[in-house]
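**Q** Protein chains in written order, with my numbering: chain P, 1 to 322; chain G, 1 to 322.
Beta carbons: idealized from backbone N, C-alpha and C, even for Gly.
Predicted model, so just to flag it, every value in this text is computed and none were measured.
Protein chains: 2
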Amino acid sequence: MATVSRALRGLPNVAPITRAKVQLEAERLSYRPDPHASRLAAGRTHSVGMAVPELGRWYFSQVVAGARDTLYSHGYDLLLFGVGNGEERRRFVRQWGVLGKRVDGLLLVDLRLDTDELVDVHSAGLHLVSVGDSYDNLPSVTVDNRRAAAIAVRHLVSLGHRLIALIGEDDHQRHFSVPQFRRCGWLDALAEAGIAPHPELEVPGNFTVAGGYCAMTQLLACTPPPTAVFAMSDEMAMGAIKAVRDHGLDVPGDVSVVGFDDHDLAHIMDLTTVRQPVIDSGARAATLLIEAIGGHPGAPHDIRPTELIVRASTGPRRTVTE
Amino acid sequence: MATVSRALRGLPNVAPITRAKVQLEAERLSYRPDPHASRLAAGRTHSVGMAVPELGRWYFSQVVAGARDTLYSHGYDLLLFGVGNGEERRRFVRQWGVLGKRVDGLLLVDLRLDTDELVDVHSAGLHLVSVGDSYDNLPSVTVDNRRAAAIAVRHLVSLGHRLIALIGEDDHQRHFSVPQFRRCGWLDALAEAGIAPHPELEVPGNFTVAGGYCAMTQLLACTPPPTAVFAMSDEMAMGAIKAVRDHGLDVPGDVSVVGFDDHDLAHIMDLTTVRQPVIDSGARAATLLIEAIGGHPGAPHDIRPTELIVRASTGPRRTVTE
DNA sequence: CTGAAAGCGCTTACAG
DNA sequence: CTGAAAGCGCTTACAG
Numbered sequence: 001m002a003t004v005s006r007a008l009r010g011l012p013n014v015a016p017i018t019r020a021k022v023q024l025e026a027e028r029l030s031y032r033p034d035p036h037a038s039r040l041a042a043g044r045t046h047s048v049g050m051a052v053p054e055l056g057r058w059y060f061s062q063v064v065a066g067a068r069d070t071l072y073s074h075g076y077d078l079l080l081f082g083v084g085n086g087e088e089r090r091r092f093v094r095q096w097g098v099l100g101k102r103v104d105g106l107l108l109v110d111l112r113l114d115t116d117e118l119v120d121v122h123s124a125g126l127h128l129v130s131v132g133d134s135y136d137n138l139p140s141v142t143v144d145n146r147r148a149a150a151i152a153v154r155h156l157v158s159l160g161h162r163l164i165a166l167i168g169e170d171d172h173q174r175h176f177s178v179p180q181f182r183r184c185g186w187l188d189a190l191a192e193a194g195i196a197p198h199p200e201l202e203v204p205g206n207f208t209v210a211g212g213y214c215a216m217t218q219l220l221a222c223t224p225p226p227t228a229v230f231a232m233s234d235e236m237a238m239g240a241i242k243a244v245r246d247h248g249l250d251v252p253g254d255v256s257v258v259g260f261d262d263h264d265l266a267h268i269m270d271l272t273t274v275r276q277p278v279i280d281s282g283a284r285a286a287t288l289l290i291e292a293i294g295g296h297p298g299a300p301h302d303i304r305p306t307e308l309i310v311r312a313s314t315g316p317r318r319t320v321t322e
Numbered sequence: 001m002a003t004v005s006r007a008l009r010g011l012p013n014v015a016p017i018t019r020a021k022v023q024l025e026a027e028r029l030s031y032r033p034d035p036h037a038s039r040l041a042a043g044r045t046h047s048v049g050m051a052v053p054e055l056g057r058w059y060f061s062q063v064v065a066g067a068r069d070t071l072y073s074h075g076y077d078l079l080l081f082g083v084g085n086g087e088e089r090r091r092f093v094r095q096w097g098v099l100g101k102r103v104d105g106l107l108l109v110d111l112r113l114d115t116d117e118l119v120d121v122h123s124a125g126l127h128l129v130s131v132g133d134s135y136d137n138l139p140s141v142t143v144d145n146r147r148a149a150a151i152a153v154r155h156l157v158s159l160g161h162r163l164i165a166l167i168g169e170d171d172h173q174r175h176f177s178v179p180q181f182r183r184c185g186w187l188d189a190l191a192e193a194g195i196a197p198h199p200e201l202e203v204p205g206n207f208t209v210a211g212g213y214c215a216m217t218q219l220l221a222c223t224p225p226p227t228a229v230f231a232m233s234d235e236m237a238m239g240a241i242k243a244v245r246d247h248g249l250d251v252p253g254d255v256s257v258v259g260f261d262d263h264d265l266a267h268i269m270d271l272t273t274v275r276q277p278v279i280d281s282g283a284r285a286a287t288l289l290i291e292a293i294g295g296h297p298g299a300p301h302d303i304r305p306t307e308l309i310v311r312a313s314t315g316p317r318r319t320v321t322e
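(1) Assign R318(P) to one of two classes, buried (16 or more other C-beta atoms within 10 Å of its C-beta) or exposed (fewer than that).
(2) Using a C-beta to C-beta distance shorter than 7 Å, which residues of chain P count as neighbours of M238(G)?
(3) Verify the CB distance criterion: does D280(G) have a CB-CB separation below 8 Å to chain P?
(4) Can you give me the C-alpha to C-alpha distance between V22(P) and P33(P), rounded to a whole angstrom?
(5) For Q218(P), which residues from the same chain have a beta carbon less than 6 Å from its beta carbon, with the 5 sequence-adjacent residues on both sides left out?
(6) Is A26(G) closer than 8 Å to L8(G) when the C-beta atoms are compared?
(7) Can you list the residues of chain P that G211(G) reaches, using a CB-CB cut of under 9 Å?
(8) What residue range is occupied by the uninterrupted alpha helix (DSSP H) comprising T18(P)?
(9) Can you tell me whether T227(P) is helix, strand or coil according to DSSP?
(10) Closer than 8 Å is the cut-off here; do at least three beta carbon pairs connect the segment 68–88 of chain P with the segment 132–140 of chain P?
(11) Determine the contact status of A324(P) and V129(P), defining contact as a CB-CB distance below 8 Å.
(12) So which residues on chain P does P35(G) lean against when the C-beta distance must stay under 7 Å?
(13) Can you check whether the C-beta of Q180(G) is within less than 8 Å of a C-beta belonging to chain P?
(14) For V258(P), which of L249(P), R275(P), H247(P), D246(P) has the nearest alpha-carbon?
(15) Around the Cβ of N13(P), are there at least 16 other Cβ atoms within 10 angstroms (buried) or fewer (exposed)?
(16) Identify which residue in A243(G), N145(G), P305(G), T314(G) has its Cα closest to the Cα of A210(G).
(17) Run down chain G in chain order and give the residues with a C-beta less than 7 Å from the C-beta of R68(P).
(18) Taking only runs that begin and end inside the segment 187–264 of chain G, name each unbroken alpha helix (DSSP H) of 4 or more residues, in chain order.
(19) I'd like to know whether the C-beta of A65(P) is nearer than 8 Å to at least one C-beta of chain G.
(20) Could you compute how far the alpha carbon of I17(G) sits from the alpha carbon of L24(G)?
(21) D280(P) and G97(P): beta carbons closer than 8 Å?
(22) At which residues does the alpha helix (DSSP H) containing R275(G) begin and terminate?
(23) From what residue to what residue does the beta strand (DSSP E) around V98(G) run?
(24) Counting only Cβ pairs nearer than 8 Å, list the residues of chain P close to L40(G).
(25) Could you check if T273(P) is buried or exposed, using at least 16 other CB atoms within 10 Å of its CB as the buried criterion?
(26) Where does L106(G) fall in DSSP's three states?
(27) Within 10 angstroms of the Cβ of R182(G), are there 16 or more other Cβ atoms? Answer buried if so, exposed if not.
(28) I need the DSSP call for A165(G), collapsed to helix, strand or coil.
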């Protein structure tokens, strides 16, 4: 029994011949160790959890895809948890005691934890890696959202725009900090250009296509309406473009639009956007987590590069006879 | 010990007072039963697996999202498996012995199984539900792909088109049958209209935006080029539209394009498409699986409705002086 | 290098 | 209605 266990797991102190015999017989019976029994005895589950706010959004689906591929190639199974709304999030946080027994580590995607929640999760013996958000004492994979957003907005400023709107998220959404960083970047670029931010030009878009559409509709009703918009995601940006066109206006003639992500379809829509390496970030986070589980420290904060991709959805401010 | 177990799981034969005391104390200690230990003793894992070809594709991400929500609300955890390429698929199929111990049931998304693979999976004691593909002896959630595709192509025929191309998948991809049904629908509609299918007008698009772009580029090089295209997914259709425009041609003026799915962005791109209830199918499949695990038979084959959504990417064939 | 023993944390008959 | 006992299938010291 014990020898079989050692032989199959490649542990030392097994005679080569014995090991070969065991492997052969195991193969013949297509024997597989029961993962629950081995976790119970050994403590390792060989699976990791991933907490994702919303699977339906492009960004999250890509991060999951990237992480899954890496986890797969290292033999880890992936357990998926939703933490989108407050109730899910609460339930997820409350079950950390169990989670420590279910998975060897946890990938948190855009999930902002309080200090005491962090303490709980550590006491559950979980290895953690954060994607999107960064924490002092946790390995993380992020981009510099504030700087990237500022670059996008500066691009609009350089085209002569002064009325630059922001399509973002409700500030009630305290659970996520990424939108707040992007908002800061927007403010930074406006401040540099000596532009006072107008509260009317800041509208939530819920990070969906439909939300972006509604937000833009609302913005077009302003007097005067903005001549440029920075949307915090490509999906919202695409919704915004549609709204502009449905109002009989032109992109970028009447309104310039910048997004964030470089969605698969951004190129198709000729959308100017901030490209971030999404799949890659998921993969990188998975690698960091696997290293942490394996007992290797690893670089704590990995800040990935972003790049402004200028396409045809942005153009110079139309000179109006004022 | 035994009483605590019964009390916490709501089993009968526990005095109300005892149960209350147990619950109170469990709460105080924030005790959670170890899921591995209980699976080992009881056999139930309270988690289900989901086999998905590719997470990055819109369709799959939505199906997963729909299933996850339902599973969550019934207290099941979701284990995600990739079966995209041949190697992953083989590995997945080979581990069925273990899978039966890891999960209570399995959701197969667009995964075509051979007869002997089906036998194996049944002998592993797994409950199965299929999404996309249908099997005689398995509950499934599908749409009538053949009929839906035929309706899309008939729409093109009714607009006067005769040279109607198909952007689909390599026929080497034997693992999936959905593309083949859609191809049959294309053939059906052509046959009804007395149009002979031209092999040159059938091009693989790999179900990606970039693949659709390449496919369309290839089609535009035909002499004569098609005046209409049916793409098996909206992502390919959108890539195709972009290719048409990059060649200085107009949609639908020069080429009409129909997609399949009703992607979030199809509306934005004014894409005519076949709508299918994607999230809902995922949710429905999860429900069927939960019922199967619970020992309730449930309706075996659930064929969900589709609907042709006509937008501005299709129009009458331009009358050329021939 | 090998195998007998104890134990991981539960659940399920079974006796009381 | 309650609790002692056996067992789920492994792994890890520990003797040999």
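**A** In brief:
(1) Here residue 318(P) corresponds to residue number 318 of the first sequence, with the count starting at 1. Its Cβ having fewer than 16 others within 10 Å, R318(P) is exposed.
(2) Numbered from 1 along the second sequence, position 238 holds the residue referred to as residue 238(G). Near M238(G) (Cβ distances below 7 Å), the residues of chain P are L265, I268.
(3) Locating residue 280(G) in the second sequence gives position 280, where the first residue counts as 1. So no, D280(G) is outside the interface.
(4) Looking up residue 22(P) in the first sequence gives position 22. Looking up residue 33(P) in the first sequence gives position 33. So the alpha carbons of these two residues sit roughly 13 Å apart.
(5) Residue mapping note: residue 218(P) aligns to position 218 of the first sequence, counting from 1. Cβ within range, chain order: V203.
(6) As a first step, residue 8(G) is located in the second sequence; it is residue number 8 there, counting from the start. As a first step, residue 26(G) is located in the second sequence; it is residue number 26 there, counting from the start. Yes; because the gap between Cβ atoms is below 8 Å, this pair is in contact.
(7) As a working note, residue 211(G) is residue 211 in the second sequence. Residues of chain P passing the Cβ test: none, with the nearest at roughly 11 Å.
(8) In the first sequence, counting from the first residue as 1, residue 18(P) sits at position 18. That run of the alpha helix (DSSP H) goes 16–28.
(9) Along the first sequence, read from residue 1 onward, the residue named residue 227(P) stands at position 227. Of the three classes helix, strand and coil, the one that applies to T227(P) here is coil, per DSSP.
(10) no
(11) The question about residue 324(P) has no answer here: the residues shown for chain P are numbered 1 through 322.
(12) Working through the second sequence from its first residue, we reach residue 35(G) at position 35. Those are V98, K101, R102, listed as they occur along chain P.
(13) As a working mapping, residue 180(G) is identified with position 180 in the second sequence. No, no contact with chain P.
(14) Sequence index remark: in the first sequence, residue 258(P) carries index 258 (1-based). Ranking the options by Cα distance to V258(P), first place goes to R275(P).
(15) By one-based count along the first sequence, residue 13(P) stands at place 13. Per the 10 Å Cβ criterion, exposed.
(16) Here residue 210(G) is taken as the residue at index 210 of the second sequence, counted from 1. Here the closest residue by C-alpha is A243(G).
(17) Locating residue 68(P) in the first sequence gives position 68, where the first residue counts as 1. What R68(P) touches in chain G: L55, L80, G82.
(18) 209–220, 234–246
(19) Numbered from 1 along the first sequence, position 65 holds the residue referred to as residue 65(P). Chain G, which has a Cβ nearer than 8 Å to the Cβ of A65(P), makes this yes.
(20) One-based indexing of the second sequence puts residue 17(G) at position 17. One-based indexing of the second sequence puts residue 24(G) at position 24. Those two C-alpha atoms are separated by around 11 Å.
(21) In the first sequence, residue 280(P) corresponds to position 280, counting from 1. In the first sequence, residue 97(P) corresponds to position 97, counting from 1. For D280(P) and G97(P), no; Cβs fall outside 8 Å.
(22) On the second sequence, residue 275(G) is found 275 positions in, with the first residue counted as 1. From DSSP, R275(G) is part of no alpha helix (DSSP H) but of the beta strand (DSSP E) over 272–275.
(23) One-based indexing of the second sequence puts residue 98(G) at position 98. No beta strand (DSSP E) contains V98(G), which is instead part of the alpha helix (DSSP H) from 96–102.
(24) For the purposes of this step, residue 40(G) is taken as the residue at position 40 of the second sequence. By Cβ distance, chain P contributes D34, H36, A37, L40.
(25) Taking the first sequence and counting its residues from 1, the one referred to as residue 273(P) is at position 273. So T273(P) counts as buried.
(26) Here residue 106(G) refers to the residue found at position 106 when the second sequence is read from its first residue. L106(G): strand per DSSP, three-state reduction.
(27) In the second sequence, the residue the question calls residue 182(G) occupies position 182. The residue is buried, with at least 16 neighbouring Cβ atoms inside 10 Å.
(28) To locate residue 165(G), count along the second sequence from 1; it is residue 165. Looking at A165(G) - three-state DSSP - the assignment turns out to be strand.
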